[in-house]
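To start, the structure itself, in structure tokens.
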Amino acid sequence: MPPRGCVAVGPRGRRLALLPPPLLPLLLLLALRACAARASEITFELPDNAKQCFYEEIAQGTKCTLEFQIRRGRVSLEGKSRVAQLLVITGGHYDVDCRLEDPDGIVLYKEMKKQYDSFTFTASRNGTYKFCFSNEFSTFTHKTVYFDFQVGEDPPLFPSENRVTALTQMESACVSIHEALKSVIDYQTHFRLREAQGRSRAEDLNTRVAYWSIGEAIILLVVSIGQVFLLKSFFSDKRTTTTRVGS
């Protein structure tokens, strides 16, 4: 009789693996570690004619890649020790100005009203780098921006993970599960943001349709009343007055 545990079932009811009970707390720990690795998520309002900056300490020689897609996707700032995501959820044409400066104030990257672009750089020195979002070109439309910034690489699950000898079967399974959980979190965040953006567009469209429907109803009412009075004027009897001239 097989030992009691948790059975993972795949498509068509096929049994994939049998997980012993002692492994379940370890899986929960892996899930918590995966969530903690991406805890720096920010959703903020960027008003019209406003600018918002973020600051991050980056070590010299760290290679970073800035890639952003404003309208339909997410932004990822990836490198040796940082990952970021950016998405304009609501507002205008879903575009912002992006600017990146090094600790000396030298502009490393600057684009205006961009929806998608890619930029790779290597930190030339230690210090605080500034990454700004600007909505100064908009006079009346504010933006809701989502920004995710991760600092540092994930620590190894096991102290001896980087050893020369091969990992045990359980250690390899834990590492694979850990990577799969990180991918699940990334997909969940991505689709959650896409859902927020789609909901915002649907609500905006619903508001426009409601206003146009009210306007059309008012116009139809005014035209109907005008036609009634116009038709009434066609069939109304005009009284003629006769004047008798005395002889």
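According to mature numbering (1 follows the signal peptide of the UniProt record, and there is no 0), the residues represented by the sequence shown are -39 to -1, 1 to 208, in order. Note that the Cβ used here is the ideal one computed from N, Cα and C, for glycine as well. As the structure is a prediction and not an experimental result, all values here were calculated from the model.
It is roughly 40 Å from the alpha-carbon of Val68 to the alpha-carbon of Ile138. Distance between Tyr90 and Cys59, taken at the CA atoms: about 13 Å.
Less than 8 Å separates the beta-carbon of Phe92 from that of Cys14. In this structure Ala84 touches Gly22 by the C-beta definition: roughly 6 Å separates them, less than 8 Å. Assignment of Ser85 by DSSP, reduced to helix, strand and coil, places it in the coil class. Non-local C-beta neighbours of Ala11 in its own chain, meaning closer than 6 Å and more than five positions away in sequence, comprise Asn96, ordered along the chain. Partner residues in the beta bridge of Phe94, as assigned by DSSP, are Gln13 and Cys59. Rounded to whole angstroms, Asp56 and Lys74 show a C-alpha spacing of 5 Å. Our two residues, Ser133 and Ser144, have alpha carbons roughly 17 Å apart in a direct line. Counting every other CB atom within 10 Å of its CB across the protein chains shown gives Ser197 a total below 16, marking it as exposed. In the three-state reduction of the DSSP assignment, Phe108 falls in the strand class, which pools E and B.
Taking the Cα of Thr4 as reference, the smallest distance to any Cα among Asp65, Phe98 and Tyr107 is reached at Tyr107. DSSP places Ile67 in the coil class of the three-state scheme, outside both helix and strand. For Phe195, the secondary structure class from DSSP, reduced to helix, strand or coil, is helix.
Contact between Leu166 and His103 is ruled out by a C-beta separation of about 18 Å, above the 8 Å threshold.
In the structure shown, the three-state DSSP call for Leu7 is strand. Annotated three-state conformation of Phe80 is strand, per DSSP. As computed with DSSP, Lys143 is found in no beta bridge at all. Each residue's CA atom was taken as its position, placing Asn87 and Thr81 some 17 Å apart. Of the residues assessed, Phe94 falls on the buried side of the cut-off, its CB having 16 or more other CB atoms within 10 angstroms. Between Asp9 and Thr100, the gap from beta carbon to beta carbon is short of 8 Å.
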